[in-house]
Amino acid sequence: MTQRQSKPGDYDLLIVGAGPVGCVVAERAARCKGWKSLVIDRREHVAGNCHDRLHESGVLIHPYGPHYFRTNNPGLLRYLSRFTEWVDGQYIVKSAVGDKLYPIPINLTTLEMFFGESLDEVSAKRLLDSLAHPIADPQNSEEFVLSRVGRELYEAFYLGYTQKQWDLHPRQLAPSVCGRVPVRLNRDERYVDHRYQLTPKDGFDAMFRKMLDHPLITVQTGTEFGDVRGRIEPRRATVYSGAIDEYFDHCHGRLDWRSLRFEFEYVEQPFVQPCVQINHPAAHAYSRTVEIKHVTGQAHPGTVLSYEYPSATGEPFYPVPTPQGSALYAKYKVEAQVETQERAVYFAGRLAEYIYINTDEALEKGLALFERLALERDWYFLPRALKRAEGLGTAKPVGAASPARSAS
Ligand SMILES: Cc1cc2nc3c(=O)[nH]c(=O)nc-3n(C[C@H](O)[C@H](O)[C@H](O)COP(=O)(O)OP(=O)(O)OC[C@H]3O[C@@H](n4cnc5c(N)ncnc54)[C@H](O)[C@@H]3O)c2cc1C
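When we follow numbering that gives the first Met the number 0, the leftmost residue of the sequence shown carries the number 0, and every step to the right adds one.
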């Protein structure tokens, strides 16, 4: 990865975060506009949370949790295919309840195993209708699941897992938290429904490194935004994909994130689990075990199992989906809009927008942000009066902590 001394004003873009959003913006800016970018990341690698690396045993692992790439967008896939070849994604998940492993999402097989009767689409629908609670407008995740599958399935598959994951009762969580996982009346065992379910053949890091491999892109890993803030003055804009509350020195308070702690165990046999992921809703302190080799397809005599322990501390992974969190984020969003206007700092990505998004959505955000920058920051060609009329401003240095404004 390129590491070189930078001068203030040397770059068109300063990009904070070498995750999917940052990589796409840098790549597009270089290849489509000839813009020069400095991409920094506080971690020692690129690819953000999609980062993969070799475990000491030589097995490829996903250190920040398994990443199952999927998309419905053929254009996105075409774009990414410039930087990688693909292998088919084998995203099969099971849930360990009692002494059995049940397919997740719940499907016909899950229902047959759980209730001990053979079912088809019609009888399964009838069964679920008879189990579902009549809740017309579910207000939280518990009500949502009860209204779809009833109490027995809720207690077996959702309650314990959700409590472990969030350390909150499903009653305290928005309906969408448990609503993301479908219930199927067929035998489709795939974890997700997307049209394309693929994994980069040589891994995510290799794909993102190739994206950044351009003479107009300089990458400095192991670099904090604070180290360059006020020192690097990009000609056009700063793209910030770090945590939004951190950018504003937590002036309105800290946003609440859920994290995970990972333990990796090497096992000297080709595979340990029958599928990539097993959820553990009841037993154990860990919530899931992941054997990513099922997905990467790597040829290796051994395998690595990762144990995931949900945690209140550690890397920010999932925004805690509560009304308080949304209200706090709304305050920062107002600050961010002003910062974009006044200092040409653009906020995008999961940390900057306090949102859970999958990788394809993050990549799409990167592409959309590049389009916006091309429109708004190609200002050498815009007369000054027009720029002012459209409130586009000019890029000012992002000084040390801009004064906090009240959002009210
Ligand atoms: C546990 C887990 C599992 C996931 N599984 C999947 C999956 O199966 N499939 C899928 O499609 N998606 C999955 N995702 C989502 C995926 O990781 C994200 O969509 C994607 O990484 C978001 O890209 P991003 O660029 O917004 O952020 P990130 O990937 O987080 O990149 C942001 C980067 O900014 C850097 N940064 C932050 N602050 C600073 C600072 N102050 N200075 C310097 N650098 C900074 C960070 O170090 C980070 O590398 C998962 C996410 C998690 C947490």
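In this text, a Cβ means the ideal position worked out from N, Cα and C, and glycines have one as well.
Please read these numbers as outputs of a predicted model, since none were measured by experiment.
Which listed residue (the options) has its alpha carbon closest to that of residue i
i: residue 100; options: 11, 279, 16, 47; result: 279
i: residue 134; options: 281, 337, 143, 57; result: 143
i: residue 371; options: 18, 19, 17, 28; result: 28
i: residue 153; options: 234, 14, 113; result: 113
i: residue 137; options: 16, 169, 329, 174; result: 174
i: residue 235; options: 257, 283, 343, 94; result: 343
i: residue 93; options: 19, 275, 168; result: 275
i: residue 148; options: 107, 292, 39; result: 107
i: residue 190; options: 65, 58, 248; result: 65
i: residue 351; options: 247, 43, 219, 79; result: 247
i: residue 479; options: 217, 250, 229, 267; result: The structure shown does not extend to residue 479, since the chain is modelled only from 0 through 407, so no value can be given for it.
i: residue 119; options: 183, 168, 104; result: 183
i: residue 273; options: 267, 260, 290; result: 290
i: residue 12; options: 327, 18, 340, 25; result: 25
i: residue 277; options: 52, 30, 49, 95; result: 95
i: residue 45; options: 159, 240, 187; result: 240
i: residue 30; options: 215, 115, 325; result: 215
i: residue 340; options: 159, 98, 375, 322; result: 375
Distance between residue j and residue i (C-alpha atoms, nearest Å)
i: residue 245; j: residue 354; result: 15 Å
i: residue 308; j: residue 287; result: 8 Å
i: residue 253; j: residue 348; result: 18 Å
i: residue 222; j: residue 333; result: 27 Å
i: residue 139; j: residue 150; result: 15 Å
i: residue 157; j: residue 77; result: 37 Å
i: residue 192; j: residue 231; result: 44 Å
i: residue 213; j: residue 369; result: 17 Å
i: residue 47; j: residue 23; result: 12 Å
i: residue 16; j: residue 39; result: 6 Å
i: residue 14; j: residue 282; result: 43 Å
i: residue 233; j: residue 41; result: 19 Å
i: residue 33; j: residue 367; result: 18 Å
i: residue 103; j: residue 161; result: 14 Å
i: residue 18; j: residue 49; result: 7 Å
i: residue 373; j: residue 237; result: 13 Å
i: residue 219; j: residue 357; result: 25 Å
i: residue 312; j: residue 338; result: 29 Å
i: residue 109; j: residue 285; result: 22 Å
i: residue 165; j: residue 271; result: 27 Å
i: residue 269; j: residue 57; result: 13 Å
i: residue 327; j: residue 228; result: 24 Å
i: residue 196; j: residue 90; result: 8 Å
i: residue 293; j: residue 194; result: 20 Å
i: residue 155; j: residue 105; result: 11 Å
i: residue 79; j: residue 129; result: 46 Å
i: residue 186; j: residue 20; result: 35 Å
i: residue 267; j: residue 172; result: 41 Å
i: residue 249; j: residue 52; result: 32 Å
i: residue 205; j: residue 115; result: 46 Å
i: residue 168; j: residue 159; result: 9 Å
i: residue 321; j: residue 163; result: 16 Å
i: residue 410; j: residue 97; result: Here the chain has residues from 0 to 407 only, and residue 410 is not among them.
Own chain, CB closer than 8 Å to residue i, minus 5 neighbours either side, in chain order
i: residue 117; result: 111
i: residue 131; result: 145, 146, 147, 148, 149
i: residue 54; result: 60, 263, 265, 303
i: residue 324; result: 254, 255, 318, 353
i: residue 316; result: 48, 63, 64, 256, 257, 258, 259
7 Å CB neighbourhood of residue i in its chain, flanking five on each side removed
i: residue 296; result: 86
i: residue 225; result: none
i: residue 331; result: 243, 244, 247, 251
i: residue 260; result: 308, 310, 313
i: residue 404; result: The predicted position of residue 404 is uncertain, since its pLDDT is 36 and thus under 50; a value taken from the coordinates is nonetheless stated next. Counting only Cβ-Cβ distances below 7 Å, and skipping sequence neighbours, we find 334, 337.
Min CB distance residue i to chain B below 8 Å
i: residue 114; result: The displayed structure is made up of one protein chain only, and chain B is not part of it.
Same chain only: Cβ atoms within 6 Å of residue i, ignoring 5 sequence neighbours per side
i: residue 314; result: 258
i: residue 9; result: none
i: residue 170; result: 139, 141
i: residue 43; result: 220, 221
Cβ-Cβ separation, residue j to residue i (assumed contact under 8 Å), whole Å
i: residue 310; j: residue 60; result: No, residue 310 and residue 60 are not in contact; Cβ-Cβ is about 19 Å, not under 8 Å.
i: residue 67; j: residue 88; result: 6 Å
i: residue 329; j: residue 346; result: No, residue 329 and residue 346 are not in contact; Cβ-Cβ is about 13 Å, not under 8 Å.
i: residue 255; j: residue 319; result: 4 Å
Distance cut-off 7 Å: residue i Cβ against heavy atoms of ligand 3
i: residue 139; result: Only ligand 1 can be found as ligands here, which leaves ligand 3 out of the picture.
Does the region 76 to 86 touch the region 192 to 212, meaning 3 or more C-beta pairs lie closer than 8 Å? yes
Would you call the region 208 to 224 in contact with the region 119 to 126, where contact means no fewer than 3 C-beta pairs closer than 8 Å? no
Touching or not, the region 287 to 307 and the region 172 to 188, by the rule of three or more beta carbon pairs under 8 Å? no
How do the region 59 to 75 and the region 358 to 373 stand: do at least 3 beta-carbon pairs fall below 8 Å, yes or no? yes
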